[in-house]
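Only one structure is covered here, and it is reproduced in the block below.
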Amino acid sequence: MCGIIGYVGKDSAAPILLDGLRRLEYRGYDSSGLAILNGSGMEVRKCSGRLQNLRTLVAGSPIKGSCGISHTRWATHGPPTDENAHPHLDNTGKLALVHNGVIENHQSLRNGLEKNGHTFRSQTDSEVLAHLIGDIFDKQTEGTAEMRLVDAVRKALRKVTGTYGIVVVHEDAPDFLVGARLGSPLVVGLGKGENFLASDVAAVISHTSDAIYLNDHDLVYMTGEDFKIESLDGGSVSFEVSRVEFTEEQVEMGDFPHYMLKEIFEQPDSILNAFRGRLSDEEASAKLGGLNLTPQQLREVDRIVLVGCGTASHAAMVGEYLIESLARIPTEVEIASEFRYRNLPLDKSTLIFVISQSGETIDTLAAMREGQRKGHRVLGIVNTVGSTIARESDGGCYLHSGPEIGVAATKSFTSQVTVLALLAILLGRMRHLSMAAGKQILQEIRELPDKVKTILEQSDRIRDIALKYLDAEGMLFLGRQFNFPTALEGALKMKEISYIFASGHPSAELKHGIIALVSEDLPSVFIAPSDSVLEKNISNIEEVKARKGPVIAITTEGNEEVARIADDVIYIPPVVECLSPILASIPLQLLAYHFSVAKGCDVDKPRNLAKSVTVE
Ligand code: AGP
614 MCGIIGYVGK DSAAPILLDG LRRLEYRGYD SSGLAILNGS GMEVRKCSGR
664 LQNLRTLVAG SPIKGSCGIS HTRWATHGPP TDENAHPHLD NTGKLALVHN
714 GVIENHQSLR NGLEKNGHTF RSQTDSEVLA HLIGDIFDKQ TEGTAEMRLV
764 DAVRKALRKV TGTYGIVVVH EDAPDFLVGA RLGSPLVVGL GKGENFLASD
814 VAAVISHTSD AIYLNDHDLV YMTGEDFKIE SLDGGSVSFE VSRVEFTEEQ
864 VEMGDFPHYM LKEIFEQPDS ILNAFRGRLS DEEASAKLGG LNLTPQQLRE
914 VDRIVLVGCG TASHAAMVGE YLIESLARIP TEVEIASEFR YRNLPLDKST
964 LIFVISQSGE TIDTLAAMRE GQRKGHRVLG IVNTVGSTIA RESDGGCYLH
1014 SGPEIGVAAT KSFTSQVTVL ALLAILLGRM RHLSMAAGKQ ILQEIRELPD
1064 KVKTILEQSD RIRDIALKYL DAEGMLFLGR QFNFPTALEG ALKMKEISYI
1114 FASGHPSAEL KHGIIALVSE DLPSVFIAPS DSVLEKNISN IEEVKARKGP
1164 VIAITTEGNE EVARIADDVI YIPPVVECLS PILASIPLQL LAYHFSVAKG
1214 CDVDKPRNLA KSVTVE
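Just so we're aligned: the sequence shown equals residues 614 to 1229 in the working numbering.
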């Protein structure tokens, strides 16, 4: 996916666009560019590489003007080169467009335009859209340039299949932006004498907290003083102005060297925010107001499907263990990209949850729509307020974690598991979970933030352990029961930011093939707290040690048995077994972080990745 931002107002556009891109870089960072209307025409600067390259280009050749667009790219069609960077121009060079999404019928459109004499400069699908809009615009003769541009965008998008979030400017319509969305997010930022369009409200939070989250098929056009939102077919649409709940400093890195470390250290607060106001001592249960289901409806649920991608799917797997153990409801996890195509047999009393930090992951969004298409209520467990999944789901819960900028999910994982624990308690207390058991788990949830703080105090020690294994070319992550998903999550953290091979497995799977990999060059990380399967984990650690495999163990404070046999041990405070993934995942986050930083990797913007996958 990519980051786009448009500005029209009274101030110089270049610094606003560049600062907005800095806030959007997590969405894609292999090239960037901007186009600004300078009063007598349009100037474009764009280049491959990181945003700093664009800053240098603009500093060396400044652009005046108070209306423009900009883009930071995660390449889908065509490698990250200067020519493939956005903005893209039409055939005349007077129209510029930035695009987030995929134009699926770009080749047929391109063939038609080339037959009509169009010459393309890039290999991208997005450039085809710029030419298509420009071609229609140039053939229009009626009306003002502004209205001809709106009409040209509308007519062009009717010819397109695929997804888009776009912003368009034209030299003949100075101080005027046109935007539209289908499948990729686009937000209107409302300022005083200035207006914005962006992929994510984080890009404009320095200028305004008033936002309108556009829906699919919305088209918007604006000046610095006014704006109008219509549907693609020209009809009027209703919209609401939302007040953005997070602040500018929450988007900044503060004193931390990386967003990822900041977000790891935010977890005492983010976990607290996930359960704040949602614990009911009186009922020894949880309160989740956004589910939009009555107690009777929840009581009738006899099967649950949890859907997500990546880290969200790992949280879902912990959720499966939680719901089945606390509420005794058959629960299964579906990877969103599989669920959307596999036609799972579901009956009326099945409840579906989609889990997504960004609320924009295209496979998870499509899975939600597939469930709804079959008549199911689909609830969302989402972090990003106003995101597409949050708005289109039939209800759900926000994580309230605040913006998660680092590409590697950290606080969103522990908050997702916390919310899933609340859901399991709520459903369990409607069934067989006793008041005493409910009270005990609520108390354990309350104690999580302080327990997380004690783990974070070990960050330096965990860095020392990471440095000890810096030459490792691979790593195994092993756990059982509630911590089998934790092992998967630990492996994902390690591989996605350090680029070494890492895999997660149930500990007992070692004997079924995995142990063939064990050698003195391959460290194994065991999540082995003092729980119901500790003895079994200890046996597995012994098996690895017997084959000279180094072992890093995460275990409960005071567990001397594990400390005796492991090469390195990281302690977590005692916690009820079903909540242990929340604590055990934090040393794994820190291990991956320190390991990757020591290897010189860019932990906030790892290669080939982007924070939210809004293209298939
Ligand atoms: C995890 O660290 C990655 N960032 C990735 O696997 C991510 O969890 C996945 O793309 C799902 O994103 P979402 O939660 O925003 O839907």
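We treat Cβ as the ideally placed atom computed from N, Cα and C, and that holds for glycine.
Sequence-distant residues of the same chain with beta carbon closer than 8 Å to residue i, five excluded per side
i        : result
Ile-1151 : Ala-1141, Glu-1174, Val-1175 and Ile-1178
Asp-1007 : Asn-905, Gln-985, Arg-990, Val-991 and Leu-992
Gly-652  : Lys-677, Gly-678 and Pro-787
Arg-1074 : Ile-1183
Gln-863  : Gly-1015 and Pro-1016
Lys-623  : Ser-679, Gly-806, Glu-807 and Gly-837
Any non-hydrogen atom of ligand 1 closer than 7 Å to residue i Cβ
i        : result
Ala-769  : no
Ile-1070 : According to the sequence displayed, residue 1070 carries Glu and not Ile. Checking every heavy atom of ligand 1 against the Cβ of Glu-1070, none is found closer than 7 Å.
Thr-1027 : no
Lys-1218 : no
Cys-922  : yes
Gln-736  : no
Lys-875  : no
Leu-919  : no
Val-1030 : no
Lys-1224 : yes
Gln-970  : yes
Val-1020 : yes
Glu-576  : The requested residue 576 is not part of the displayed model; the chain covers only 614 to 1229.
Ala-925  : yes
Thr-1099 : no
Leu-1105 : yes
Thr-689  : no
Thr-974  : yes
Glu-1109 : yes
Thr-860  : no
Thr-977  : yes
Beta-carbon contacts of residue i that lie in its chain and below 7 Å, excluding the five residues immediately before and after
i        : result
Thr-737  : His-690, Gly-691, Asn-697 and His-701
Lys-1064 : Pro-1186, Val-1188 and Leu-1196
Gln-1029 : Ala-925, Ala-928, Ile-968, Ile-994 and Leu-1012
Gln-753  : Arg-761, Asp-764 and Ala-765
Gln-1202 : Ile-877, Thr-1023 and Lys-1106
Ala-1079 : Leu-1204, His-1207, Phe-1208 and Ala-1211
Thr-836  : Val-621, Asp-788 and Phe-789
Leu-670  : Arg-658 and Cys-660
Phe-852  : Ile-825 and Ile-842
Leu-901  : Arg-891, Cys-1010, Leu-1035, Leu-1036 and Leu-1039
Val-850  : Asp-831, Ile-842, Glu-843 and Ser-844
Thr-1067 : Pro-1186
Leu-745  : Leu-722, Leu-726, Ala-769 and Lys-772
Own chain, CB closer than 6 Å to residue i, minus 5 neighbours either side, in chain order
i        : result
Thr-1227 : Met-614, Ser-797, Glu-973 and Ile-975
Gly-633  : Ile-618 and Ala-816
Arg-1160 : Val-1131
Val-814  : Val-800, Ala-824 and Val-857
Gly-932  : Leu-919 and Leu-1033
Lys-785  : The residue you asked about is not Lys; residue 785 is Asp in the sequence shown. Counting only Cβ-Cβ distances below 6 Å, and skipping sequence neighbours, we find Ala-758.
Closer than 8 Å to chain C by CB, residue i
i        : result
Pro-1194 : Included in the structure is just one protein chain, with no chain C present.
Cβ contact (3+ pairs, closer than 8 Å) linking the stretch 1155 to 1169 and the stretch 891 to 899: no
Touching by the beta-carbon criterion (3+ pairs, under 8 Å), the stretch 868 to 883 and the stretch 851 to 858: no
Length-filtered (3 minimum) beta strand (DSSP E) runs lying within the stretch 875 to 901: none
Contact between the stretch 765 to 773 and the stretch 681 to 689 (3+ Cβ pairs under 8 Å): no
Secondary structure, beta strand (DSSP E): runs of 3+ residues fully inside the stretch 718 to 791: 777 to 783
The stretch 955 to 964 / the stretch 908 to 918 touching (three or more Cβ pairs under 8 Å): yes
Runs of alpha helix (DSSP H) wholly within the stretch 1136 to 1162 (minimum 4 residues, chain order): 1147 to 1158
contact_flag[the stretch 628 to 642, the stretch 660 to 674] where n(CB pairs < 8 Å) is 3 or more: yes
Residue ranges of each alpha helix (DSSP H) within the stretch 1009 to 1067, 4 or longer: 1024 to 1042
Segment contact, 8 Å Cβ cut-off, at least three pairs: the stretch 863 to 873 with the stretch 1045 to 1065: no
Whole beta strand (DSSP E) elements within the stretch 659 to 687, 3-residue minimum: 680 to 686
Stretch pair the stretch 951 to 960 + the stretch 1211 to 1220: three plus CB contacts closer than 8 Å: no
Start-end ranges of the beta strand (DSSP E) lying completely within the stretch 1078 to 1106, minimum 3 residues: 1087 to 1092
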